[in-house]
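What follows is a set of notes on a single structure, which appears directly below.
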Amino acid sequence: MTGRAVANEFAKMRRLRVAPVIAVLVLGVTALSCLTTFTYPGFADMAQDPARRPWSLLLASLGLAVPLLSPVLLAVVASRQVDIEHQGGGWLLARTSGLSPGRLCRAKLAATGSLVVAATLLQSLLVAVAGVLAGIMAPFPAALWLGSTALVTVVNLALLAFHLILAARVPNQLVGIGAGVMGVFVVLAATEMPAWLARLVPPWGYYALANPAEVGTDGAAPGEPAALSVVLLGAAACAVFLAATARLDRQEA
Amino acid sequence: MSTIITTHSLTKSYGDRTVVDGLDLRVPEGCVYGFVGPNGAGKSTTMKMLLSLVRPTRGEVRVMGRRMDRSTRRELLGSIGSLIETPPAYAHLTGAENMRLVQRLLRLGDGRVDRAVRTVRLQDHLDKRVRAYSLGMKQRLGIAMALAREPRLLVLDEPANGLDPAGIDEMRHLIKRLADDGITVMVSSHLLDEVDRTATVLGILGGGRLLFQGTRDELFSRSVPDVLIDTSEPERAAAATEPWGGTLDEGTVRVPGLDHPATAEVVARLVDARVDVYGVRREDRSLEDVFMDLTRGRGL
């Protein structure tokens with residue numbers, strides 16, 4: 000039944016404008032990353048000089064653009080996909096069809112999560128392609144790029160799971176969107192926080208931990224993403240999501 | 000006749016507030032069971048317990064001979080269609096798209112969906128978005144979703160709520176048609192008149208308790224209408240019948256709760272008192288009056 004429930008979630012997306020929201024996320028992140036990088040003073044020279052790490056600059060810009068746009072747009076996606084259940088009596092319809100609310104939420108995460116994974120991969124790919132087209136001559140740091148993309152994907156999924164549960168528990172969707180807007184401020188603050196402090200504000204603070212480079216006055220300063228922390232966030236998010244959805248299953252109609 | 004729903008001492012409490020109190024329901028298979036009671040009587044909570052959407056505090060539910068609980072719910076719900084609270088539908092999708100969701104989830108064939116849609120006569124409106132549907136059309140779509148699984152039992156919670164008179168009439172005809180097709184329909188309402196025209200068995204709920212269960216005729220037979228006595232001297236007659244609770248009501252003496260021997264006794268008393276008795280009759284009572292007596296706690 001889970002596969003059929005996931006297929007239904009894709010069918011419900013029709014006319015919900017989930018696809019345009021995802022497109023805005025992909026194009027917005029790509030545009031913001033490129034704009035930040037390509038307008039950086041002396042970028043044209045930097046692109047020709049591998050020693051000045053032009054790819055790190057682009058990756059750092061990507062690492063800044065993702066958390067600026069993702070918190071709000073993921074909140075919107077989760078809200079749109081869950082609000083229809085509150086508005087249309089979908090929870091009860093699913094229950095009487097043998098699909099519990101928790102399983103319905105898990106199907107929603109599978110459906111919207113697959114789009115978010117695709118969007119995260121696509122925006123990462125588009126920014127890399129833009130770097131090549133912009134004439135960066137340095138060798139492409141594939142491992143670092145892929146690793147960073149994987150970590151951002153984990154943080155995005157954790158955030159999406161959080162918003163899905165929030166939207167399911169609180170019918171007023173302004174709360175979820177408000178949490179998304181607040182998340183942007185947390186992300187901005189987290190970029191200036193030491194890693195130990197950023198770990199204390201999951202999931203938003205983990206965008207800063209997943210970022211392998213920082214934009215400085217003289218190009219990008221390469222760094223090590225806190226991969227272990229992000230992996231632990233992913234594991235914790237899984238556990239919390241499963242527990243929260245199991246709790247939804249136990250709730251009475 | 001076999002029963003399709005049986006409950007034993009079904010009780011639901013929230014804290015120290017008991018909303019359903021020791022219900023022993025018997026819903027015969029193939030009937031239209033009218034589940035009637037004022038708002039807040041516990042009808043919806045009972046129906047949710049029947050579908051295992053709410054856990055009983057005490058007691059048990061048996062549906063189609065099997066205990067209904069979390070472990071059997073999924074299997075049993077495959078044979079039960081239901082419409083609880085508001086009609087379910089995704090407003091941004093068309094009627095057809097909504098039906099396809101149910102079809103996919105329950106792995107139903109096209110034929111079942113077509114039959115369900117035709118039964119509720121919605122086939123000409125399936126391409127409209129549900130947002131543009133009237134309440135009556137939404138109700139019919141909700142019933143079509145419930146019927147698509149070709150259930151043996153259909154549980155409808157206040158299906159006529161908010162409908163205009165034409166919609167209510169259409170709903171009545173639909174329920175009758177479904178019953179003619181052999182589906183047991185349990186339908187709740189706070190209006191007796193609404194279910195009286197379709198129900199073959201009535202269950203009357205008041206304050207969370209089952210006040211009556213049986214046919215319409217049984218309800219009337221158990222009801223004792225007031226005795227009205229026309230006499231030459233109403234004031235003296237009222238005084239003479241005071242021990243039986245007699246009162247004066249617009250020139251007629253009204254005596255409540257008299258069975259046949261007691262009625263004879265009262266008449267004899269009036270004759271002894273030399274009051275001319277012109278007529279003795281039972282008050283005409285509608286089903287609504289009986290219902291009101293029951294739900295106001297006066298009993299039968």
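Just so you know, the sequences run in chain order A and B.
The opening position of the first sequence corresponds to residue 0 in numbering that gives the first Met the number 0, with each subsequent residue numbered one higher.
The opening position of the second sequence corresponds to residue 0 in numbering that gives the first Met the number 0, with each subsequent residue numbered one higher.
Backbone N, C-alpha and C define an ideal beta-carbon position, used for all residues, glycine too.
No experiment lies behind these values; they were computed from the predicted model shown.
- V129/B and R120/B have their C-alpha atoms roughly 15 Å apart.
- Any Cβ of chain A closer than 9 Å to the Cβ of S81/B would place that residue at the interface, and such an atom is present.
- Counting only Cβ-Cβ distances below 7 Å, L91/A has contacts in chain B at I83, E84 and P87, in chain order.
- Residue state for T246/B is assigned as strand, using DSSP reduced to three classes.
- CA-to-CA, the gap between L125/A and T29/A works out to about 6 Å.
- Under the 9 Å criterion on CB atoms, K47/B is classed as interfacial with respect to chain A.
- If you draw a straight line from the Cα of E74/B to the Cα of A4/A, it is about 17 Å long.
- For a cut-off of 8 Å, the C-beta gap from I164/A to V75/A is around 16 Å, too long to register as a contact.
- When Cβ-Cβ separations below 9 Å define contact, S69/A makes no contact with chain B.
- Burial state of V131/A is exposed, judged by a 10 Å Cβ sphere holding fewer than 16 other Cβ atoms.
- One thing to note: T262/B has its Cβ within 9 Å of the Cβ of V226/B.
- R281/B is classed as exposed because its beta carbon has fewer than 16 other beta carbons within 10 Å across all chains shown.
- Contact between the segment 85 to 101 of chain B and the segment 187 to 199 of chain B is absent: fewer than three C-beta pairs spanning the two stretches fall below 8 Å.
- Scanning A267/B, D15/B and E217/B for the CA closest to the CA of T240/B turns up A267/B.
- Neighbourhood of R94/A in chain B, by CB distance below 7 Å: L52, in chain order.
- With a threshold of 16 other beta carbon atoms within 10 Å, R273/B falls short and is exposed.
- At the C-beta level, S99/A and L105/B stay beyond 9 Å of one another.
- At least one beta carbon of chain B lies nearer than 9 Å to the beta carbon of G87/A.
- Contact between V62/B and I3/B holds: CB atoms are separated by about 7 Å, below the 8 Å threshold.
- Note that the segment 47 to 67 of chain B does not touch the segment 199 to 217 of chain B; fewer than 3 beta-carbon pairs, one per stretch, sit closer than 8 Å.
- Rounded to the nearest whole angstrom, the C-alpha separation of Q122/A and L34/A is 14 Å.
- In terms of Cα proximity to S147/A, the closest of D82/A, Q47/A, P211/A and A197/A is P211/A.
- Going by C-alpha positions, E251/A is about 16 Å away from E84/A.
- CA-to-CA, the gap between G29/B and G64/B works out to about 15 Å.
- Contact annotation for G97/A against chain B: R72, R73, E74, L76, G77, L104 and L105 [CB-CB distance below 9 Å, chain order].
- A252/A belongs to the set of residues whose beta carbon lies under 9 Å from a beta carbon in chain B.
- N171/A has a beta carbon lying at 9 Å or more from every beta carbon in chain B.
- In the DSSP assignment, D109/B falls within the unbroken alpha helix (DSSP H) covering D109 to T118.
- Here R94/A is buried, its C-beta having at least 16 other C-beta atoms within 10 Å.
- Using a CB distance cut-off of 9 Å, E193/B does not count as an interface residue toward chain A.
- Per DSSP, the beta bridge partners of Q212/B are G202/B.
- Residue-level contact check: V116/B does not touch chain A, since none of the beta carbons of chain A fall below 9 Å from its beta carbon.
- Around L163/A, no beta-carbon contact reaches into chain B at under 9 Å, the shortest distance being about 17 Å.
- For the pair P233/B and L247/B, the CB atoms are nearer than the 9 Å cut-off.
- I228/B is bridged by DSSP to V252/B and V279/B.
- The beta-carbon of E59/B is placed no less than 9 Å from the nearest beta-carbon of chain A.
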